[in-house]
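Okay, so here's the structure we're looking at.
In the UniProt record's numbering, the protein residues as written are 1 to 217.
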């Protein structure tokens with residue numbers, strides 16, 4: 001299906017909101033997609049994905065793209081709200097360079113496209129502890145991304161959510177992460193006050209928070 005046919009599915013006078021999701025096949029992305037499709041405020045939900053995804057609603061528009069050429073899909077960013085759920089792990093990526101391409105470059109380019117297409121507001125997933133000065137490569141990358149997006153001239157309504165370990169059923173097995181989740185669940189009652197942000201959080205809670213940060217008239 002062409003870019004033009006997707007864009008024309010929601011007429012300008014439809015009275016509803018349009019959303020674009022990047023990373024819809026991930027843990028948070030799947031949950032978020034379901035929530036958006038069930039939200040009557042949205043009349044169109046487009047998902048840019050690497051692999052084919054079945055459309056489960058008349059307002060659900062999955063589109064397979066090449067993320068290495070994200071700028072070529074600029075037309076899809078002509079929406080009200082942008083949700084970015086892209087993310088990988090160092091182990092899955094295979095190298096720091098490959099990890100940074102997904103968790104920094106793709107997200108930063110998407111934010112720039114949101115600016116050029118005058119998206120009303122965008123929300124992306126960062127991480128608790130994100131800090132451009134961190135000695136952790138993961139947290140440093142997340143912090144550098146936050147700084148880079150907030151410095152984009154003319155960007156509107158940009159917000160980041162900073163979850164700790166994510167709870168939910170993943171398609172891929174991550175033994176180290178599962179061990180960490182079990183440990184953090186045991187420690188959660190002890191994490192109070194300023195430490196409460198390190199408690200594991202469900203994908204549903206993250207998706208809900210992302211929607212709360214978007215701007216509705």
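Note that beta-carbon positions come from the ideal geometry of N, C-alpha and C, so glycine has one too.
Are the CB atoms of residue 47 and residue 84 nearer to each other than 8 Å?
Against a cut-off of 8 Å, the Cβ pair of residue 84 and residue 47 comes out as no contact.
Answer yes or no: do residue 111 and residue 158 have a C-beta to C-beta separation smaller than 8 Å?
Contact: yes.
Since residue 70 is in the alpha helix (DSSP H), which residue starts that stretch and which ends it?
No alpha helix (DSSP H) holds residue 70; DSSP gives it neither H nor E.
Hey, could you find the ends of the alpha helix (DSSP H) residue 84 is sitting in?
Taken as a continuous stretch (DSSP letters only), residue 84 belongs to no alpha helix (DSSP H), being part of the beta strand (DSSP E) at 81-84.
Helix, strand or coil at residue 122 [DSSP, three-state]:
Secondary structure of residue 122 (DSSP, three-state): strand.
Bridge partner(s) assigned by DSSP for residue 42
The partner list for residue 42 (beta bridge, DSSP) reads 17.
Less than 8 Å between C-beta atoms, sequence neighbours within five positions excluded: which residues of the same chain meet that for residue 74?
Same-chain partners within the cutoff: 113, 116 and 117.
Hey, could you find the ends of the beta strand (DSSP E) residue 160 is sitting in?
Residues 158-161.
Residue 165 and residue 202 - do their beta-carbons sit closer together than 8 Å?
Cβ atoms of residue 202 and residue 165: not closer than 8 Å.
Go through its chain and collect everything with a Cβ distance to residue 137's Cβ below 7 Å, but skip five positions before and after it.
The beta carbon of residue 137 sits closer than 7 Å to the beta carbons of 96 from its chain, once the five residues preceding and following it are set aside; these are given in chain order.
Tell me which residues share the same chain as residue 90 and place their Cβ nearer than 8 Å to its Cβ, disregarding the 5 neighbours each side in the sequence.
Hits under 8 Å: 96, 99, 137 and 138.
May I ask you to report which of helix, strand or coil DSSP gives residue 63?
Secondary structure at residue 63: strand, using DSSP grouped into helix, strand and coil.
C-alpha gap between residue 215 and residue 25, whole angstroms
Those two C-alpha atoms are separated by around 24 Å.
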